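In full-length UniProt numbering, the protein residues as written are 1 to 495. Even for Gly, the Cβ is constructed at its ideal location relative to N, Cα and C. This structure is a prediction, so every number in the text was calculated from the model and none was measured.
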C-alpha cells in the first residue's frame, strides 16, 4: 500500500446504528470540524431501526418509538433538524393489555389496580405490603424474579414483571438482572427503602418531562435516514455504507482500521467526492482496486486517534481479539435473543384495536410474546379505514421459534392473534423480519462482566465501546450513552 496522507482521523466509528450515528453527531457538535468517519457494513444506516412501507402500511422491523422522558434524545432530534418528523402517539396508546388466563386491561391507576381481576385480593394486599418490606442489605446482583418475589410477591412478578420482561427485553424475569435491566428500580429501594416510598418522594421532588410515547412520520427509519443525511452534509464527517471493517490494529500513533468495501453499494456521497475527500482529508492508505466486476474494492486502511466500536458485542469481540483475547472472551459472553416480527395489514377488520397492544405471560403458554396495535398507537401506520398490527415471536421463552421459516412464522402469528384477540380475518398484507441476534441479554452478572470489559479496555487509550450490549437497549439508552461517549472523547482523547 502507498501512503496517501499522514493526517489521521480524529475518530473512526465502526457501526452505523443509532449509537454510531448519534456519537458522530454529538462529536461534530461538541468539536466542529473534527475528522470523523462512520463505517457501516450494510447498505443503509440505522441498524434495527428500519421502517418499510407495503401496500400503504408502515411496518417497523425493530423498535417503534421512544418515551419523551430524556432531553438528550429530544436535543438530538431538534439539533439535527428532525423536529418536523416527530410524531406523538394517540392518546389511547396508553391503554395496554396482558394476556394471561385471558385478555385483561393493564391497570394504570390505583383504583384500576384494586379492581383488576389479574390478581386475587390476597395478591393485591401482598403488593401493597411492599412498603413494609425492608430494603436489601447488600448490593449483590439478583434476578428480576428474585427482586419481584422479595418486594412484590410471586403473583405480581409472574404476571406483570413477566410480561414486561417479554415486551422490553424479549426475556423472562429469571433470566434478567434487575440491576442491569432496571437500575432505576434498584435505586428506589437503595435510596428510599422501597419502591412505593421512592416513587412518592421522587414525585414530590421532580418535575421533569413526561413519558409520552413518540415516533416519527415515516417511522423510526425516517429519523435515522435524516440523521445520516445530516451527518453526510457536515464538514469533516464522512459516512461509508457497505463498508466492513476487517481488522483493527494499534501502533505508536494510534489505531489502524482496515475497511473492505462493496463497490456495488450505494455511496453516501458521489463516488468522485468519496474518492477525493477520503483520500486527501482522512489519512488513507489504499491498495490497488480489484478488477472491475469483482464487486469488492481492495482493502483501504484508515488511521485514527480514537476508535469507537458501536457494534454488537459479538462483532466487537472479533475486532478486539487481535488486541486482547481476554476482552474478546468477555464480549462473546454477551448473548442475544432471536426475535421475529410479523406484521399484518387488514383491509377490513372487525376489531377496534383501541390501545397500544398486548403482552403475554409465560404461564399463558402462547407461541407469541405480544401484539403491537400499530395503527392504533400512531397515526399514519395504515391507510384510512384499514388497520395494522405486529406480532412478536421468540425471545428467551421460545428462541427456536423466531428462526422458523416465514410461512411457519405467519401461521404462528395468525394463531396467536386468534388465541389472544379472537381475530380470524386473513391479512391483505404481510411483513416478516427475523433477527437471529435481536436483543442483547442482561443476565445476573452482566454488569460485573461489563465493568471488567471497560476496565480492561482502559489499557488501550482511545478505544471506546458504545452499543446497546452494555447499559440499556432502548433508543433513549443508546442516545444517552452516545452523548457520554462523545464527551469522554472530548475530555480525554481530543488532540
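Worksheet item: DSSP on residue 351, reduced to helix/strand/coil?
Response: DSSP places residue 351 in the coil class of the three-state scheme, outside both helix and strand.
Worksheet item: Expressed to the nearest angstrom, what Euclidean distance is found between the alpha-carbon atoms of residue 466 and residue 422?
Response: So the alpha carbons of these two residues sit roughly 43 Å apart.
Worksheet entry | Under the three-state DSSP convention, the category residue 487 falls into | For residue 487, the secondary structure class from DSSP, reduced to helix, strand or coil, is helix.
Worksheet item: Does the beta-carbon distance from residue 397 to residue 362 come in below 8 Å?
Response: Yes, the Cβ-Cβ distance between residue 397 and residue 362 is below 8 Å.
Discussion item. According to DSSP, is residue 75 part of a helix, a strand, or is it coil?
Written reply: Assigned with DSSP and collapsed to three states, residue 75 falls in helix.
Worksheet item: Roughly how many angstroms separate the alpha carbons of residue 425 and residue 329, rounded to a whole number?
Response: Approximately 48 Å between the Cα atoms of the pair.
Worksheet item: Taking 8 Å as the CB-CB limit, is residue 395 close to chain C?
Response: Note that chain C does not occur in the displayed structure, where there is just one protein chain.
Practice prompt. Ignore the nearest five residues each way along the sequence and tell me which others in residue 493's own chain have a CB closer than 6 Å to its CB.
Written response: Exclusion of the five residues before and after residue 493 leaves 306, 462 as the residues of its chain whose Cβ lies within less than 6 Å of its Cβ.
Worksheet entry | Helix, strand or coil at residue 454 according to DSSP, with G and I counted as helix | The three-state secondary structure of residue 454, taken from DSSP, is helix.
Fill in: Cβ shell of residue 478 (< 6 Å), same chain only, five flanking positions each side left out
Sequence-distant partners of residue 478 (beyond 5 residues in either direction) whose C-beta falls short of 6 Å from its own C-beta, in its chain, are 18, 19, 468.
Practice prompt. Pull up the distance between the alpha-carbon of residue 315 and that of residue 236, whole angstroms please.
Written response: Their backbone Cα atoms lie some 26 Å apart in a straight line.
Worksheet item: Are the stretch 55-69 and the stretch 428-448 in contact at 8 Å, needing three or more beta carbon pairs?
Response: Segments in contact, yes.
Discussion item. I'd like the list of long-range same chain contacts for residue 207, defined as Cβ closer than 8 Å, with 5 residues on each side in sequence excluded.
Written reply: Interpretation of residue 207 is limited by its pLDDT of 42, a score under 50 that renders its predicted location unreliable; the figure taken from the coordinates is listed afterwards. Closer than 8 Å at the Cβ level, and outside the excluded window around residue 207, lies no residue.
Fill in: Nearest neighbour of residue 37, chosen from 367, 128, 147, 245 [CA to CA]
Selection 367, 128, 147, 245 evaluated against residue 37 yields 245 as nearest (Cα-Cα).
Item to complete: Note down the Cα distance separating residue 149 from residue 157, rounded to an integer number of angstroms.
Response: Distance between the alpha carbons of residue 149 and residue 157: 6 Å.
Item to complete: Look at the alpha carbon of residue 108 and the alpha carbon of residue 116, and state the distance between them as a whole number of angstroms.
Response: Between the alpha carbons of residue 108 and residue 116 lies a distance of about 10 Å.
Worksheet item: In chain order, what residues of the same chain have a beta carbon less than 8 Å from the beta carbon of residue 292, not counting five sequence neighbours either side?
Response: Its pLDDT being 32, under 50, residue 292 is placed unreliably by the model, and the measurement read from it follows with that caveat. So no residue of the chain qualifies.
Fill in: Rounded straight-line distance, which links the Cα of residue 128 to that of residue 464
Residue 464 and residue 128 have their C-alpha atoms spaced approximately 44 Å apart.
Practice prompt. Identify which residue in 95, 71, 320 has its Cα closest to the Cα of residue 454.
Written response: Considering only alpha carbons, the answer is 320.
Fill in: CB contact flag (residue 356, residue 333, <8 Å)
No, the pair does not count as a contact, with Cβ atoms beyond the cut-off.
Discussion item. If I measure Cβ to Cβ from residue 445 and keep anything under 8 Å in the same chain, skipping five residues before and after, which residues do I get?
Written reply: Correct list, in chain order: 141, 177.
Worksheet entry | Neighbour-count burial assignment, residue 384, 16 or more Cβ in a 10 Å radius | Here residue 384 is exposed: its Cβ has fewer than 16 other Cβ atoms, across all protein chains shown, within 10 Å.
Item to complete: Could you check the C-alpha separation between residue 281 and residue 9 for me, to the nearest Å?
Response: Low local confidence applies: a pLDDT of 37 at residue 281 is under 50, so the model's placement there is unreliable, and no value is given.
Fill in: residue 133 (DSSP reduced to helix, strand or coil)
Note: residue 133 maps to coil in three-state DSSP.
Worksheet entry | Contacts around residue 99, its chain only, beta-carbon distance under 6 Å, and the 5 residues preceding and following it disregarded | The residues are 358, 360, 364, 420.
Worksheet item: So residue 416 is in the alpha helix (DSSP H); what residue range does that whole segment cover?
Response: Counting along the chain, the alpha helix (DSSP H) containing residue 416 begins and ends at 406-421.
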